[in-house]
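Below is one structure; the comments refer to it alone.
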Amino acid sequence: NENLFGINIPDSIINRIEKSSNEKLEGRKVCIELIEKYKSIKGVSGIHLMGYKQEDEIASVISYFK
2 NENLFGINIP DSIINRIEKS SNEKLEGRKV CIELIEKYKS IKGVSGIHLM
52 GYKQEDEIAS VISYFK
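Counting from 2, one number per residue, gives the positions in the sequence shown under my numbering.
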């Protein structure tokens, strides 16, 4: 939470990722789960993804929804 000014990641998500044997994969799973939830909210017409120097990971998440 100290690394991204203005961004607060819940401790439950941080703990989930840190406990995983594959943090990148778990982070991708969290991202996909959150997008699935956001898609169900009326009026949400898109999602903005950012990942500093993580373009391949972002592409992987986008590919999941194609």
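Glycine included, C-beta positions come from ideal geometry on N, C-alpha and C.
The beta carbon of residue 59 sits closer than 7 angstroms to those of 50, 52, all from its chain and outside the five residues before and after it, given in chain order. Residue nearest to residue 65 within the set 25, 29, 43 is 29 (criterion: CA-CA distance). Across the structure, residue 26 and residue 63 are spaced so that their CA atoms are roughly 14 angstroms apart.
In this structure, the straight-line span from the alpha carbon of residue 19 to that of residue 31 is close to 12 angstroms. In the DSSP annotation of this structure, the continuous segment of the alpha helix (DSSP H) that includes residue 13 starts and ends at 12-20.
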